[in-house]
């Protein structure tokens with residue numbers, strides 16, 4: 046699955062700028078992670094998402110800077126994101142830009158979830174790579190939230206900061222150091238990556254408001270994204286929908302089918318034609334997320350059970366043992382924090 050997820054190479058230009066400033070050769074580092082040489086010259090080149098995540102981790106180690114992801118966000122030229130960048134830059138308001146990013150992020154990066162929610166006057170942007178096998182992804186998370194912060198600053202002002210920044214990974218530096226670098230209070234080991242800020246920021250005008258161009262680009266993006274979605278198998282689309290739904294209490298077959306624009310019966314029939322069943326896909330997705338959570342996070346078994354939409358911890362433990370022959374606790378004791386190969 047990691048090898049099917051992609052991102053356009055234009056997203057690399059922030060890291061590329063930092064490497065060049067240090068006198069390092071981006072292409073040489075890229076070869077270690079599976080990034081083709083042509084990706085550094087062609088911003089529309091599709092590269093494996095796992096390679097993008099990996100090169101950021103290698104880049105941080107090579108530069109000796111754990112904050113490379115966050116620092117490179119302001120160096121990204123949104124124009125290098127193709128039509129999506131054009132749509133972001135021509136949006137009328139911060140809220141319109143963020144809703145555009147939320148809707149079309151998969152135009153540049155697949156197997157990814159970005160959501161903007163508003164509750165009690167607080168806006169929250171959450172971001173995550175859906176594929177649990179792509180890990181570690183510390184730098185990717187910090188880079189993406191930094192890019193989102195810079196996008197908001199286009200309307201909110203250069204000195205704007207989120208009220209709260211949350212990351213799914215553990216801290217590589219103290220929260221106080223991150224506060225100094227980002228200007229925002231930060232929490233680590235969270236369920237997802239997120240920015241929180243006042244709802245009023247969403248109405249701030251963007252500097253290059255061009256409604257006509259924005260609408261034209263949205264039409265292009267809509268057609269292209271719909272074409273890409275149709276090219277995927279029903280099984281692949283179902284997996285993505287399951288990953289999006291886990292932890293929300295909405296990962297049942299009926300709800301997932303509606304998310305895909307199908308009836309439960311139609312989903313069952315299509316999956317059967319592709320040689321699988323919904324229960325098999327759900328079990329597979331739950332297992333992969335559970336494996337990641339047990340190895341890479343400090344989440345309790347009860348918390349993991351909730352994240353996987355099991356009725357309780359006991360149900361999670363029974364399902365995990367049926368698949369592996371050992372309990373989740375035994376699995377964690379054996380493999381906790383053991384580095385894993387991506388692939």
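In my numbering, the protein residues as written are 46 to 388. Glycine included, every Cβ here is placed at the ideal spot set by N, Cα and C.
Is the Cβ of residue 74 closer than 8 Å to any Cβ of chain B? Of the protein chains in this structure there is only one, and it is not chain B.
In three-state DSSP terms, what is residue 51? Sequence index remark: in the chain shown, residue 51 carries index 6 (1-based). In this structure, DSSP gives residue 51 an extended state, which the three-state scheme calls strand.
Alpha-carbon spacing of residue 394 relative to residue 253, whole angstroms: As displayed, the chain neither begins before 46 nor continues past 388, which places residue 394 out of reach and without an answer.
Indicate the three-state DSSP secondary structure (helix, strand or coil) for residue 319 in the structure shown. Taking the chain shown and counting its residues from 1, one reaches residue 319 at position 274. The answer is coil: DSSP assigns residue 319 none of H, G, I, E or B.
Whether residue 58 touches residue 122 by CB criterion (8 Å): Position 13 of the chain shown, counted from the start, is the residue given in the question as residue 58. Position 77 of the chain shown, counted from the start, is the residue given in the question as residue 122. Taking 8 Å as the Cβ cut-off, residue 58 and residue 122 qualify as a contacting pair.
With burial defined as no fewer than 16 other Cβ atoms inside 10 Å of the residue's Cβ, what is the status of residue 234: buried or exposed? As a working mapping, residue 234 is identified with position 189 in the chain shown. Residue 234 comes out exposed.
Give me whichever residues DSSP pairs with residue 158 in a beta bridge. The sequence position of residue 158 within the chain shown is 113, counting from 1. DSSP lists 173 as partners of residue 158.
Nearest-angstrom Cβ-Cβ length linking residue 228 and residue 206, presumed shorter than 8 Å: One-based indexing of the chain shown puts residue 228 at position 183. One-based indexing of the chain shown puts residue 206 at position 161. Indeed they touch by this definition, with Cβ atoms about 4 Å apart.
Ordered along the chain, which non-local residues of its own chain (more than five positions away) have a Cβ less than 6 Å from that of residue 344? Translated into positions along the chain shown, residue 344 becomes position 299. Excluding sequence neighbours, residue 344 sits near 338.
Would you kindly report the start and end of the unbroken beta strand (DSSP E) that includes residue 91? The residue you call residue 91 lines up with position 46 of the chain shown. Where residue 91 is concerned, the enclosing beta strand (DSSP E) stretches over 91-93.
Between the beta-carbon of residue 79 and the beta-carbon of residue 93, is there less than 8 Å? Within the chain shown, residue 79 is the residue found at index 34, counting from 1. Within the chain shown, residue 93 is the residue found at index 48, counting from 1. Taking 8 Å as the Cβ cut-off, residue 79 and residue 93 qualify as a contacting pair.
Residue range of the alpha helix (DSSP H) that includes residue 265: Position 220 of the chain shown, counting from 1, holds the residue named residue 265. 256-276 is the extent of the alpha helix (DSSP H) around residue 265.
Taking residue 302 as part of the alpha helix (DSSP H), name the residues at either end of that continuous run. Walking along the chain shown from the start, residue 302 turns up at place 257. First-last of the alpha helix (DSSP H) with residue 302: 298-304.
Residue 55 and residue 131 - do their beta-carbons sit closer together than 8 Å? Sequence index remark: in the chain shown, residue 131 carries index 86 (1-based). Sequence index remark: in the chain shown, residue 55 carries index 10 (1-based). No; because the gap between Cβ atoms is not below 8 Å, this pair is not in contact.
Starting from the C-beta of residue 63, find all residues in its chain whose C-beta is less than 6 Å away, skip the five residues before and the five after it, and write them out in chain order. As a working mapping, residue 63 is identified with position 18 in the chain shown. Hits under 6 Å: 117.
Return the residue from the list 283, 309, 335 and 366 that minimises the CA-CA distance to residue 325. Within the chain shown, the letter at position 280 stands for residue 325. That would be 283, whose Cα lies nearest to the Cα of residue 325.
Are the beta-carbon atoms of residue 143 and residue 161 separated by less than 8 Å? Taking the first residue of the chain shown as position 1, residue 143 is located at position 98. Taking the first residue of the chain shown as position 1, residue 161 is located at position 116. Residue 143 is a Cβ neighbour of residue 161, given a cutoff of 8 Å.
So, does the stretch 273-283 touch the stretch 313-333, judging by three or more C-beta pairs under 8 Å? Short answer: they touch.
In three-state terms, what does DSSP make of residue 212? Start at 1 with the first residue of the chain shown, and residue 212 comes out as number 167. Residue 212: coil per DSSP, three-state reduction.
As assigned by DSSP and simplified to three states, the class of residue 384: What you label residue 384 is simply residue 339 of the chain shown in a count that begins at 1. Its pLDDT being 48, under 50, residue 384 is placed unreliably in this model, and the value from its coordinates should be taken loosely. Three-state DSSP puts residue 384 in coil, outside helix and strand.
Mapping the DSSP letters down to three states, classify residue 46 as helix, strand or coil. Here the question's residue 46 lines up with position 1 in the chain shown. Because the pLDDT of residue 46 is 41, which lies under 50, any placement of that residue in the model is unreliable, and the question is left without a value.
Which listed residue (322, 187, 371 and 307) has its alpha carbon closest to that of residue 114: Locating residue 114 in the chain shown gives position 69, where the first residue counts as 1. Among 322, 187, 371 and 307, the Cα nearest to that of residue 114 is on 187.
Once DSSP output is grouped into helix, strand and coil, what is the label at residue 102? If you number the chain shown from 1, residue 102 lands on position 57. DSSP places residue 102 in helix when its eight states are reduced to three.
Between the C-alpha atoms of residue 355 and residue 292, what's the straight-line distance to the nearest angstrom? In the chain shown, residue 355 corresponds to position 310, counting from 1. In the chain shown, residue 292 corresponds to position 247, counting from 1. The straight-line gap from Cα to Cα measures roughly 9 Å.
For residue 230, which beta-bridge partners are listed by DSSP? As a working mapping, residue 230 is identified with position 185 in the chain shown. Bridge partners of residue 230: 209.
Please name the residue or residues paired with residue 138 in a DSSP beta bridge. Counting from 1 along the chain shown, the entry for residue 138 is found at position 93. Paired residues: 250.
Helix, strand or coil at residue 65 according to DSSP, with G and I counted as helix: Start at 1 with the first residue of the chain shown, and residue 65 comes out as number 20. DSSP places residue 65 in helix when its eight states are reduced to three.
So what's residue 204 in DSSP terms, helix, strand or just coil? As a working mapping, residue 204 is identified with position 159 in the chain shown. Residue 204: coil per DSSP, three-state reduction.
So does the stretch 138-157 actually touch the stretch 71-87, counting three or more Cβ pairs closer than 8 Å? no
Could you give the distance in angstroms between the alpha-carbon of residue 375 and the alpha-carbon of residue 180? Working through the chain shown from its first residue, we reach residue 375 at position 330. Working through the chain shown from its first residue, we reach residue 180 at position 135. Whole-angstrom Cα-Cα distance: 21 Å.
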